[in-house]
């Protein structure tokens, strides 16, 4: 494999904690705490207007007080939603989790989803992902619309904020406009972590421009290596430092076979399926696969979706992760308190503070 830049940093691991048909918060909190026990970077909660289920962002906010370190990354669509409200909700999650929030950007492309709102019809994925990029842009502008020290909270004078440190964003997009500023102070992380599934071609530019973590559904180490190289190249052409983008291989995992060897075809890598690449085998073989792909420089980490949530996440943490930790291939404790610190990403400077410090 080719070493694309400095991509051999620490291995990162995230897991989905989706529980179809579950509306109580307790089971989600149990899975998040299990992931936290394994020092996983973050957990994701999927969401879509195309299927029933609880609001992922609301569930993440509910389980935030029950957890202390693991990142919480719900999916929030950028289609048929108000960008101002979305950014405020994600910023609020960052506050209630003390800097552990992320946001998986997604789009809603079906006519059935459009009819739920009745504002406009369905649009092609390319158009929706361009809009998603604009939503990511305006979210960052709104998160920066409060300078970090804008809050005064001076009881004697009755002043809560320094109005000179609040800024309008005056954003004009193709389908929306936002004046700002935000109604929520700048999040603890500055910008909560943004995640994009970059498997489909229309999503790749949005991921390269805006994502902190890009997910790619790939069935081999060579596919992973090629996808990572493409995304890093796109990021560089967009004016980004490619080392600020983490690329994770996204796999469905079925660890129901216990310590048995992987099924034929799975030992050297996942098998492609209609739902995406799937690994079926034991926790030890999965640890070998993850270590091999990371050692080759093909990925920065993995996002794993358990086929059976409780069983497979427990075997992932107690088997795969424990073995990687024993071998010194994955951390045994969190390096900091925020999701950005887990991922080795710097807290972005506020653009208004940075501009004020530039020489005239």
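In our numbering, the protein residues as written are 6 to 365.
Every residue gets a Cβ at the ideal spot worked out from N, C-alpha and C, and that includes glycine.
Query                                                                                                                                                                                                      : Result
At the level of alpha carbons, what is the spacing between residue 158 and residue 164?                                                                                                                    : 6 angstroms
Give a yes or no on contact between the stretch 84–102 and the stretch 14–33, applying the rule of three or more CB pairs nearer than 8 angstroms.                                                         : no
Which value, in whole angstroms, describes the spacing of the CA atoms of residue 84 and residue 214?                                                                                                      : 18 angstroms
Decide if residue 169 is buried, meaning its Cβ has at least 16 other Cβ atoms within 10 Å, or exposed.                                                                                                    : exposed
Between the Cα of residue 280 and those of 257, 261 and 299, spot the shortest distance and give me the residue it belongs to.                                                                             : 257
Let's see if you can read the secondary structure: which residues bound the alpha helix (DSSP H) around residue 217?                                                                                       : Taken as a continuous stretch (DSSP letters only), residue 217 belongs to no alpha helix (DSSP H), as it is neither H nor E.
Would you check if the distance between the CB atom of residue 233 and the CB atom of residue 303 is smaller than 9 angstroms?                                                                             : yes
Is there contact here, the stretch 144–155 with the stretch 181–188, by at least three beta-carbon pairs under 8 angstroms?                                                                                : yes
Looking at the structure shown, is residue 210 part of a helix, part of a strand, or coil, going by DSSP?                                                                                                  : helix
Just confirm the distance between the C-beta atoms of residue 335 and residue 344, as a whole number of angstroms; I'd bet it's less than 8 angstroms.                                                     : That pair is no contact at about 17 angstroms.
Helix, strand or coil: how does DSSP classify residue 233 here?                                                                                                                                            : helix
Ignore the nearest five residues each way along the sequence and tell me which others in residue 41's own chain have a CB closer than 6 angstroms to its CB.                                               : 72, 74 and 75
So the alpha helix (DSSP H) residue 33 belongs to, where does it begin and stop?                                                                                                                           : 31–42
When you compare each of 244, 284 and 358 to residue 224 by their alpha carbons, which one comes out closest?                                                                                              : 284
Can you check which of these residues, 125, 313, 82 and 296, is closest to residue 253 by C-alpha distance?                                                                                                : 296
When the Cα of residue 347 is compared with those of 220, 116, 108 and 104, which residue comes out closest?                                                                                               : 104
With 16 as the cutoff for other CB atoms within 10 Å, does residue 173 come out buried or exposed?                                                                                                         : exposed
Could you tell me the boundaries of the beta strand (DSSP E) in which residue 85 lies?                                                                                                                     : Per DSSP, residue 85 belongs to no beta strand (DSSP E) and is neither H nor E.
Expressed to the nearest angstrom, what Euclidean distance is found between the alpha-carbon atoms of residue 178 and residue 143?                                                                         : 9 angstroms
Short check: CB of residue 132 to CB of residue 53, under 9 angstroms?                                                                                                                                     : no
To the nearest whole angstrom, what separates the beta carbons of residue 352 and residue 195, a pair I think is in contact under 8 angstroms?                                                             : 5 angstroms
In angstroms with no decimal places, state the Cα-to-Cα distance between residue 291 and residue 260.                                                                                                      : 9 angstroms
Please go through the same chain and pick out, in chain order, the residues whose beta-carbon is closer than 6 angstroms to the beta-carbon of residue 130, but skip the five residues on each side of it. : 114 and 207
Roughly how many angstroms separate the alpha carbons of residue 270 and residue 298, rounded to a whole number?                                                                                           : Any reading at residue 270 must be qualified, since the residue scores a pLDDT of 48, below 50, and its modelled position is unreliable; no value is offered.
Let me know the secondary structure DSSP gives residue 52 once reduced to three states.                                                                                                                    : coil
Going by Cα to Cα distance, which pick from 67, 112 and 13 is closest to residue 35?                                                                                                                       : 67
Would DSSP call residue 345 helix, strand or coil?                                                                                                                                                         : helix
By the 10 Å Cβ neighbour count, where 16 or more other Cβ atoms means buried, how is residue 162 classified, buried or exposed?                                                                            : exposed
Tell me residue 18's beta-bridge partners as DSSP assigns them.                                                                                                                                            : 307
To the nearest angstrom, how far is the alpha carbon of residue 241 from that of residue 204?                                                                                                              : 19 angstroms
Return the CA-CA distance between residue 247 and residue 222, expressed in angstroms with no decimal places.                                                                                              : 20 angstroms
Work out the CA separation of residue 134 and residue 182 for me, nearest whole Å.                                                                                                                         : 17 angstroms
Could you tell me the alpha carbon to alpha carbon distance between residue 126 and residue 180, rounded to whole angstroms?                                                                               : 13 angstroms
Helix, strand or coil: how does DSSP classify residue 313 here?                                                                                                                                            : coil
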